[in-house]
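Trainee: Protein chains in written order, with the UniProt record's numbering: chain A, 1 to 324; chain B, 1 to 425. Just so it is clear, CB atoms sit at the ideal spot from N, CA and C, and this is done for glycine as well. For reference, the structure I am asking about is given below.
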């Protein structure tokens, strides 16, 4: 911070007419003298402080209280976390989230890479393919979820109708605990493959063609070139998409909420057997439907700790790969 | 764009002034008791829009009433606004029946309607309904809008095929208890194999619970969800599964199930008639309704309440008692399928005309007596949350073949934990 911006220090030959303080070094300007700049960027920080920073710490405070949102809070210490450890639904929701995350992230990233390689090598209609593959990502999640719910409906859905035509009996897509997760993961894959494909495509275009040319001259086929050149050079981009997908995947909420949240009379979200109950959905159910804000806050903070553990493991793995 | 210092200062000064002005306006909502501008919050279909419109003109001389139809999660928005306080709190607000119990502990956030004159007209409304919006010490938080007396809807043509009686009076005579219901349901399913008398287990469980006088938590705040009355309701629900009469129809496929005859019988509240009609307009004249087996229950129905910040309690109370007097309450039935909570309305022409969708049947003959016979039960603030695991576990029996005994044990242990979390002993 000590360095003064270059424009402010004048070259010696342009001697200022009036020198206010006869000192060798220009006086250090205090933080306050930059108030205009700080004022100009303040809207973001104010909004951030009110809508992001404060809620984060308030929820930490809430995790040690019992509060229904209206009456007085009571301090309960670590009681909410004691409940949490013994709550089978919480652990089930964590399991659901992780399963859905794996089921969606792996095909998303793999499919995106394949699609990006295909779109990269295609010669005509490049723009069309890019837009067509990206459209799912900008479609409203709610609309897509309603569509998926109709298509995979157990008794009257399109998928079961088609399976029926080829002689396969109706499959309980929206009631079987594993198929529920598959449908949610499929929805997320459908939404995010195009997004990751665009990122990979940008990465592919940044690889200098000379490298590929050299490989071709050395006699490498397209598969060898893909694994020998493309993949290693895409490594930082792949890492980026893994991180982004982890964040998105662990925060899955809207998809199961819309798919299995339509039953107003049933306070339990997440579909039959709560097999589609992700942790964030459980937090929403406890905090905003059962008005148990303290327990809701405990859920998200415990989940935050779990994510930290995951991140540390992830980071360790990446670091080890680097040293080799 | 070059930003000169002068322009920048001007812009900042204007922004600051505007912010200050807004803030000043925001905090000027003092709680003087003679405000002229009142706001009313309800949800789409929560009140008859026509009656609300008429109320605006009726009270235009004294009050400007601004009614807002609030979408999304109504309860959540109301709780947040009440907690935040200030002038954005509505002067009159709707509260859904299923949420009422959870507002009882926050009675201090609302005005006691008895003090404003509700106790003089309370006898016009059904006692069991009024009691649900009352604190243990007798403060009246909610003014009843509508109720949801239940009946048994059935398909005349399918009943005929099965050799069952089709006339509502005869059906009522034959299907009185749940055992009668199983017998008739089995007869229907045998004759028309694609047709089932039960939608799904969780729904049936709720209906049987609503028929009873005790729920999951008693007045002394003790957990009673492991007792016989709950176990009996549970067994009734499970029986539909073990006897093969469960249609396993969920919300997503319900419309199709009604239209295609998968459900030949549908247990539901009076307002449910509209759902059936919308799901299967082609079946006009083929549905009838008879009393519920095992006695009437209530499903749904809402209240109007006055938050403590109400700017003019006396006028606000006049407005709600006008909107909900028996005559206007009956109009709510015509406009929005809101079944009135005032029995006097049941004799008005709006209620007593035959319903063409039900082959001209006067459905009030079923729902009117049902409404007056609904038992008084105590619903604790934590009730909805404590009930949830039972329904989830019934879903597990239905969908994953979980053994009913294991499901019962899991449901009770989870319900106990939720009850403890919510402060129930």
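Name, in chain order, the residues that DSSP records as bridge partners for residue 37 of chain B.
Mentor: Answer is B/64.
Trainee: Checking contacts by CB at 9 Å: is residue 90 of chain B closer than that to chain A?
Mentor: Not closer than 9 Å to any Cβ of chain A, the Cβ of residue 90 of chain B fails to qualify, so no.
Trainee: For residue 42 of chain B, which residues does DSSP report across the bridge?
Mentor: Answer by DSSP bridge pairing, in chain order: B/69.
Trainee: Using 9 Å as the limit for Cβ to Cβ distance, is residue 88 of chain A near chain B?
Mentor: Chain B, which has a Cβ nearer than 9 Å to the Cβ of residue 88 of chain A, makes this yes.
Trainee: Going by alpha carbons, who is nearest to residue 72 of chain B out of A/307, A/310, A/288?
Mentor: Nearest of A/307, A/310, A/288 to residue 72 of chain B, Cα basis: A/288.
Trainee: Could you give the residue range of the beta strand (DSSP E) that holds residue 302 of chain B?
Mentor: That run of the beta strand (DSSP E) goes 302-305.
Trainee: Excluding sequence positions up to five away, which residues of its chain have a Cβ less than 7 Å from the Cβ of residue 77 of chain B?
Mentor: The residues are 70.
Trainee: Is the Cβ-Cβ distance between residue 253 of chain B and residue 153 of chain A less than 9 Å?
Mentor: In contact: residue 253 of chain B and residue 153 of chain A (Cβ atoms closer than 9 Å).
Trainee: Applying a beta-carbon distance threshold of less than 7 Å, which residues of chain B neighbour residue 71 of chain A?
Mentor: Result: 105, 106.
Trainee: Closest by CA to residue 426 of chain B, which one among B/398, B/411, B/189, B/370?
Mentor: A query on residue 426 of chain B cannot be resolved here, the shown segment of chain B reaching from 1 to 425 and no further.
Trainee: If you measure beta-carbon to beta-carbon, which residues of the segment 182-194 of chain B are closer than 9 Å to chain A?
Mentor: Answer set for the segment 182-194 of chain B: empty.
Trainee: Starting from residue 295 of chain A, find everything on chain B with Cβ-Cβ shorter than 8 Å and list it in chain order.
Mentor: What residue 295 of chain A touches in chain B: 421.
Trainee: In chain A, which residues lie less than 8 Å from residue 109 of chain B when you measure between Cβ atoms?
Mentor: Near residue 109 of chain B (Cβ distances below 8 Å), the residues of chain A are 70.
Trainee: Hey, residue 230 of chain A and residue 90 of chain A: beta-carbon distance below 9 Å or not?
Mentor: Contact flag unset, no.
Trainee: Judging by CA-CA distance, which residue of B/39, B/48, B/41 is the nearest neighbour of residue 334 of chain B?
Mentor: Among B/39, B/48, B/41, the Cα nearest to that of residue 334 of chain B is on B/48.
Trainee: At the 9 Å Cβ level, is residue 150 of chain A part of the contact set with chain B, yes or no?
Mentor: It does: the Cβ of residue 150 of chain A has a partner Cβ on chain B nearer than 9 Å.
Trainee: Using only the alpha-carbon positions, how far apart do residue 342 of chain B and residue 98 of chain B sit?
Mentor: Cα to Cα, residue 342 of chain B sits roughly 19 Å from residue 98 of chain B.
Trainee: Have a look at B/207, B/156, B/122 and flag the residue whose alpha-carbon is nearest the alpha-carbon of residue 300 of chain B.
Mentor: Looking at the Cα atoms, B/207 is the closest of the given residues.
Trainee: Kindly confirm or deny that the segment 367-385 of chain B and the segment 139-158 of chain B touch, where touching means at least three C-beta pairs closer than 8 Å.
Mentor: Segments in contact, yes.
Trainee: Measure the C-alpha to C-alpha separation of residue 249 of chain A and residue 54 of chain A and round it to an integer number of angstroms.
Mentor: Rounded to whole angstroms, residue 249 of chain A to residue 54 of chain A spans 25 Å at the Cα level.
Trainee: Ordered along the chain, which non-local residues of its own chain (more than five positions away) have a Cβ less than 6 Å from that of residue 99 of chain A?
Mentor: 181.
Trainee: With residue 357 of chain B and residue 248 of chain B assumed to form a contact (beta carbons below 8 Å), what rounded beta-carbon distance in angstroms separates them?
Mentor: With a Cβ gap of about 26 Å, residue 357 of chain B and residue 248 of chain B do not count as contacting.
Trainee: Determine, for residue 418 of chain B, whether the minimum Cβ-Cβ distance to residues of chain A falls below 9 Å.
Mentor: Yes, because at least one Cβ of chain A sits closer than 9 Å to the Cβ of residue 418 of chain B.
Trainee: For residue 134 of chain A versus residue 69 of chain A, is the C-beta spacing smaller than 9 Å?
Mentor: No; because the gap between Cβ atoms is not below 9 Å, this pair is not in contact.
Trainee: Quick one: what does DSSP say residue 379 of chain B is sitting in, helix, strand or coil?
Mentor: Coil at residue 379 of chain B, not helix or strand.
Trainee: Output, in sequence order along the chain, the residues in the segment 60-93 of chain B whose CB is closer than 9 Å to any CB in chain A.
Mentor: Cβ contacts with chain A: 73, 75, 76, 79, 80, 82, 83.
Trainee: Just confirm the distance between the C-beta atoms of residue 213 of chain B and residue 376 of chain B, as a whole number of angstroms; I'd bet it's less than 8 Å.
Mentor: Their Cβ separation, rounded to whole angstroms, is 7 Å, which keeps residue 213 of chain B and residue 376 of chain B in contact under 8 Å.
Trainee: If you draw a straight line from the C-alpha of residue 244 of chain B to the C-alpha of residue 105 of chain B, how long is it?
Mentor: Distance between the alpha carbons of residue 244 of chain B and residue 105 of chain B is about 43 Å.
Trainee: Which residue from A/254, A/131, A/155 puts its Cα closest to that of residue 187 of chain A?
Mentor: Of the listed residues, the one whose Cα sits closest to residue 187 of chain A is A/254.
Trainee: What are the uninterrupted segments assigned as alpha helix (DSSP H) that are 4 or more residues long and contained completely in the segment 228-280 of chain B, given in chain order?
Mentor: For the segment 228-280 of chain B, whole alpha helix (DSSP H) runs of length 4 or above, ordered along the chain, are 228-242, 254-260, 272-279.
Trainee: Across the segment 157-168 of chain B and the segment 179-199 of chain B, are there enough close Cβ pairs to call them in contact, namely three or more that are closer than 8 Å?
Mentor: The segment 157-168 of chain B, when compared against the segment 179-199 of chain B, does touch it at the 8 Å Cβ threshold.
Trainee: Less than 8 Å between C-beta atoms, sequence neighbours within five positions excluded: which residues of the same chain meet that for residue 222 of chain B?
Mentor: 424, 425.
Trainee: Report the rounded CA-to-CA distance for residue 275 of chain B versus residue 257 of chain B, giving the unit in angstroms.
Mentor: If I take the Cα positions, the gap works out to 12 Å.
Trainee: Within the same chain, show all residues whose beta-carbon is closer than 7 Å to that of residue 62 of chain B, passing over the 5 residues directly before and after it, in chain order.
Mentor: The residues are 315.
Trainee: In the structure shown, what three-state DSSP assignment does residue 56 of chain A receive?
Mentor: In this structure, residue 56 of chain A counts as helix in the three-state DSSP scheme.
Trainee: By DSSP's criteria, residue 291 of chain A is part of a beta bridge. Which residues make up the other side?
Mentor: DSSP lists no partner for residue 291 of chain A.
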